Each structure stands twice: as C-alpha cells, then as structure tokens.
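The structure appears below as structure tokens.
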Ligand SMILES: Nc1nc2c(ncn2[C@@H]2O[C@H](COP(=O)(O)OP(=O)(O)OP(=O)(O)O)[C@@H](O)[C@H]2O)c(=O)[nH]1
Ligand SMILES: [Mg+2]
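Numbering (the UniProt record's numbering), first residue to last: 1 to 488.
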C-alpha cells in the first residue's frame, strides 16, 4: 500500500473515532440534562441504583482479576521408587538411617490404627498448655519463656465423643537459632493425621507461610486463636474475621479458646509481706473439642491416605536433598583426584613453557566422570567441544592463573621449598579444580552439558579462587609433589 493511501486511511479512522467520541459526549450531556430535570426524589433513587450497579461491577471485576496464589500439588512418589532411591544412596555410603526410620514409623502408625493430632505453632502460643487441657493427666512443662518444649512428646487424649487419640506436643517455631527444633516439629506435623495450628493474635508473615506449607502437604487443619481471655469479645471477633480471611481454603475451622496456662500474682500476707503465687487459669476449649470431633470423624483409617501422602512427599524432598549432597561430595572427590593427576602430569612435562595447555586426556576423563555422576549423557564431540572452549578460556587467562599461583607460592611458604616446577604444578591444580567445580555446578543445575554456562563459571572460578580453596589446593600440591619425590 502506498504511503499516501495509508495516510488517507489513518485520517479517515481518526475522523471516525472523533465522531464517535462527540456522539458519546453529546448523548451523555443529553442524559445528564434529562437527569437534572427529574424531581429530586427520583434523582436520588436513580443515582443510588446506578451507584450500586457500578460498585457491584467493580467488585466483580476485582474478584475476577485479583492476583491468586497458584498452588501446585506436591509430588508424591510411590513407595517402591522411594525405597529404591534410598537403597542406592545407602550403597553410595550415605547415611540413610533417618529416612528408613521414617518409613518404619509410617508403617508402625498405620498398624496402630490410632488417630494422631499434632499441636503446631510459634513458641509460647500455648501448645503445651493445651495438651494439659486436653489430656489432664499428662506431665507437660509449659512456661512463659519461649522454647520450653525441646522434643516431640506424645500424650493420650480423649475426644468429646469418647474416642481416644494421640496428641503430639512439638517445639515451637521461630525460636532464634532453633532451626533443628523446627525441623523436628515439621517432620512430626507431616506424620500426624490432623494439625491444630495455634496462634495468639494476628498471623505474621512466617506464620502465614507455615500455614501454606501445611496446606501444600494436604494436612487437615484447625486454626486456633489461643489466649482468648486476653481480648475483649469485640477484639476477638475482629481477630477471628481476619484469621478466617488469611486461612481461606486452608483451615477447616477457625476458632478461639483459652488453653489456660498458669499465671503468677503477688499475695499480701497478714504480716504485711507479699508472696508470689502461681495459679492455673481455667481452660475454655469447648469449641475446639467439637471441631476436633468433626475433623477426626473419618477415623485413623479414613485419614490414613492423606497422612501417608504427606509423609511420602516429605520423604521425597528429604531424599532429594541427601541425593544432591551425596552427589556433591562424590563430585568433590572426583575433582580432587583429577587435580592431583594434573599436578603429577605437570611435573612430568619435560620443560613446561610459559603457556598453560590443558591436558586433553585428563580433561576428557574429568568431564566424562562428572557427566556420569550427574546422569547426563554426553557424546565425544560434546566433550571435545567443551575441552576446546576451556582451552580458549585459558589462553586469555594464562597470565591471571600464573599470577594467582605466584601469589600462592608467597602465601604458603611450604610450597616454595618444593623446588622447580611448583609454579606450574599449582597452576594446573587450580585449572582442574576450577574446571571440575564449574562443570559439577553446571551439570547439577542444568542437567545437561551447557558449554556457555560451564565456561562462564570456569572463568569466574579461575580468577576468584578464594582463601580456603587456595589453601586446599596448596595442600594438595604439596602432598602430590612430596609423594612423587619419595617414589622417585
Ligand atoms: N492468658 C493466657 N495465657 C496462656 C494461655 N495458654 C497458655 N498461656 C501462657 O502462655 C505461655 C506459654 O505457654 P506454653 O504452653 O509453654 O507454650 P508453648 O507453645 O508450649 O511454648 P514452647 O514450648 O516454648 O513452644 C505460658 O506462660 C502459659 O501460661 C491462655 O489460654 N491464656
Ligand atoms: Mg511447649
């Protein structure tokens, strides 16, 4: 289409748009005039109706467009594949004791056919006090100081309808430095059929995250506002409304109770002196008993599937973490082995020049070993390409690597005493260590041999070696050189 024709069309479109705008404005003015001519009472009624419609339209729009948290169901592995993974880890020398014990506990609880309910929440929200209210004969410590409960404890409780259940008291979350206790609590929460989540006021961000975490594992859950005695009834209702909003789609019920706990007060004695007295507050937990009845109505058998899925999903994550750690340790061993061979190779070279050339056979071996460890299939061509790219990286970086090696010689006096060739030996240790670490990190993250990513990491590792890494490499170089001279 010619430029002129396009201009003509644009001008016509603009004119049509303007005409439409004028027509709409004219119509709006006419409507406004007719509106003003109406009797006042009709103006108010009509205005009111219009306003209601506008508000309803806007809220509908907001409801449709509001940002929503997408929740994906957590992956639940089948028992067989999980056991196989754990078995492989054991063969590779990893400590799988806690994972196997978790599977044993899963079976033990299924066979016991008892309902397990865990009391979960931040420190000092009154979990142990609530255990005491639900199981009056239980010996449980509660204290105003946060972090009173350090371990998982189980107590026999009784529901309002006479059924028995096992109550689990766990350490509170969000204690400074209490990560290990928090892990204990979380693992116990996954093992339970249902969760009573205790709070003592508005939920903060980490409590919200904790609730979502439990919901992701599909836990049947009651959100319970404890210490209700501390609020007026109006405040309590406001709090409950906010808690209901925050836990929509997560909690089966939201309710307020007073677990009781104890309080201290000063008593005036006849002789004028005072003494400090501790008194138990009277618990008020009726709404919780009813909600707990409803939540656990399906019984141990009815709730068992959900419980097993949660435990298996948790085990899937824990096994994954252990797999990653075991692989990383194995990768480190491989890298050290090849760095050591590179040192020996450098010493065997007749006359090392000032150029550092990557020893091809070793680099190929290192790449293949790491790819196999991470279960990544690589062809010979891919390996050759990668080694070639590493050579290019090194060509521009030779002076930097030699400078780092030179500084290491000064920093670790032991190295200097080892005589000639040590500069190159250390440089090769640094090269192979960097190459191995770059590859391992890239393979772990990308699950494929990504040349660009691995090369970028290699460049960074060659120039920024870090103190501890240099020290390790210095020791490796010294050991390899000493061993070589003793066998000479
Ligand atoms: N006012 C009031 N205080 C309560 C209530 N329930 C518990 N408390 C007090 O809250 C404090 C903490 O109670 P605990 O039962 O030890 O709390 P916890 O959640 O087990 O704490 P950790 O084990 O440290 O995580 C104690 O001083 C209790 O007396 C209640 O219903 N009302
Ligand atoms: Mg406690």
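Just so it is clear, CB atoms sit at the ideal spot from N, CA and C, and this is done for glycine as well.
What you are looking at is a predicted structure, and each value in this text was computed from that prediction instead of being measured.
Same chain only: Cβ atoms within 8 Å of residue i, ignoring 5 sequence neighbours per side
{"i": "residue 92", "result": "326 and 330"}
{"i": "residue 469", "result": "433"}
{"i": "residue 211", "result": "197, 203, 221, 223, 246, 247, 250 and 251"}
{"i": "residue 160", "result": "289, 290, 292 and 293"}
{"i": "residue 265", "result": "276, 277 and 279"}
Limits of the unbroken beta strand (DSSP E) element including residue i
{"i": "residue 256", "result": "253-256"}
{"i": "residue 164", "result": "164-169"}
{"i": "residue 118", "result": "116-121"}
{"i": "residue 276", "result": "274-280"}
{"i": "residue 250", "result": "Unbroken run through residue 250: none, as it is neither H nor E."}
{"i": "residue 91", "result": "First-last for residue 91: 79-91, but that is the alpha helix (DSSP H), not the beta strand (DSSP E)."}
{"i": "residue 263", "result": "262-268"}
{"i": "residue 197", "result": "194-199"}
{"i": "residue 156", "result": "153-158"}
{"i": "residue 404", "result": "Element bounds for residue 404: not the beta strand (DSSP E) but the alpha helix (DSSP H), 380-411."}
{"i": "residue 222", "result": "221-225"}
For residue j and residue i, believed in contact at Cβ under 8 Å, the rounded distance
{"i": "residue 401", "j": "residue 409", "result": "Contact flag wrong, Cβ pair sits at about 13 Å."}
{"i": "residue 64", "j": "residue 194", "result": "That pair is no contact at about 34 Å."}
{"i": "residue 295", "j": "residue 222", "result": "6 Å"}
{"i": "residue 356", "j": "residue 454", "result": "The pair is not a contact, with the Cβ atoms about 18 Å apart (cut-off 8 Å)."}
{"i": "residue 114", "j": "residue 300", "result": "6 Å"}
{"i": "residue 258", "j": "residue 284", "result": "4 Å"}
{"i": "residue 313", "j": "residue 118", "result": "16 Å between Cβ atoms; not a contact."}
{"i": "residue 346", "j": "residue 425", "result": "5 Å"}
{"i": "residue 415", "j": "residue 477", "result": "6 Å"}
{"i": "residue 199", "j": "residue 121", "result": "6 Å"}
{"i": "residue 89", "j": "residue 322", "result": "6 Å"}
Residue from the options with nearest C-alpha to residue i
{"i": "residue 197", "options": "177, 156, 128 and 147", "result": "128"}
{"i": "residue 219", "options": "206, 253, 332 and 398", "result": "253"}
{"i": "residue 96", "options": "428, 183, 86 and 480", "result": "86"}
{"i": "residue 111", "options": "213, 308 and 429", "result": "308"}
{"i": "residue 153", "options": "168, 343, 472 and 340", "result": "168"}
{"i": "residue 467", "options": "346, 412 and 255", "result": "412"}
{"i": "residue 137", "options": "119, 123, 156 and 125", "result": "156"}
{"i": "residue 229", "options": "452, 72, 126 and 44", "result": "126"}
{"i": "residue 465", "options": "407, 81 and 270", "result": "407"}
{"i": "residue 83", "options": "67, 74, 72 and 101", "result": "101"}
{"i": "residue 73", "options": "215, 206, 162 and 60", "result": "215"}
{"i": "residue 479", "options": "30, 429 and 450", "result": "429"}
{"i": "residue 306", "options": "188, 289, 192 and 232", "result": "192"}
{"i": "residue 445", "options": "328, 28 and 164", "result": "328"}
{"i": "residue 206", "options": "130, 185, 104 and 173", "result": "173"}
{"i": "residue 339", "options": "94, 359, 52 and 50", "result": "359"}
{"i": "residue 150", "options": "130, 390 and 183", "result": "183"}
{"i": "residue 363", "options": "33, 387, 348 and 134", "result": "387"}
{"i": "residue 188", "options": "481, 39, 231 and 116", "result": "116"}
{"i": "residue 166", "options": "200, 201, 109 and 185", "result": "109"}
{"i": "residue 491", "options": "243, 201, 244 and 242", "result": "In the structure as shown, the chain starts at 1 and stops at 488, and residue 491 therefore has no counterpart that could be examined."}
{"i": "residue 47", "options": "60, 59 and 32", "result": "32"}
{"i": "residue 420", "options": "286, 482, 398 and 140", "result": "482"}
Proximal residues to residue i (C-beta, below 6 Å), its chain only, five neighbours per side dropped
{"i": "residue 268", "result": "274"}
{"i": "residue 396", "result": "none"}
{"i": "residue 378", "result": "371 and 449"}
{"i": "residue 123", "result": "146, 147, 172 and 175"}
Spatial neighbours of residue i in its chain, beta-carbon cut-off 7 Å, leaving aside the 5 residues before and after
{"i": "residue 370", "result": "331, 334, 436, 439, 440 and 443"}
{"i": "residue 497", "result": "Missing from the structure shown is residue 497; the chain here goes from 1 to 488 and no further."}
{"i": "residue 291", "result": "222, 253 and 255"}
{"i": "residue 158", "result": "164"}
{"i": "residue 375", "result": "none"}
Contact with chain D by residue i, beta-carbon distance below 8 Å
{"i": "residue 477", "result": "Reference to chain D is not applicable here, since this structure consists of a single protein chain."}
Residue range of the alpha helix (DSSP H) that includes residue i
{"i": "residue 137", "result": "Premise fails: residue 137 is in no alpha helix (DSSP H) and is neither H nor E."}
{"i": "residue 287", "result": "286-295"}
{"i": "residue 212", "result": "205-216"}
{"i": "residue 422", "result": "422-446"}
{"i": "residue 310", "result": "299-348"}
{"i": "residue 459", "result": "451-463"}
{"i": "residue 2", "result": "Segment: none, residue 2 is in no alpha helix (DSSP H) and carries neither H nor E."}
{"i": "residue 98", "result": "97-112"}
{"i": "residue 494", "result": "A question about residue 494 goes unanswered here, because the residues of the chain that appear run from 1 up to 488."}
{"i": "residue 362", "result": "360-373"}
{"i": "residue 418", "result": "From DSSP, residue 418 is part of no alpha helix (DSSP H); its letter is neither H nor E."}
Ligand 3 heavy atom lying under 7 Å from the CB of residue i
{"i": "residue 169", "result": "As for ligand 3, it is missing from this structure, which binds only ligand 1 and ligand 2."}
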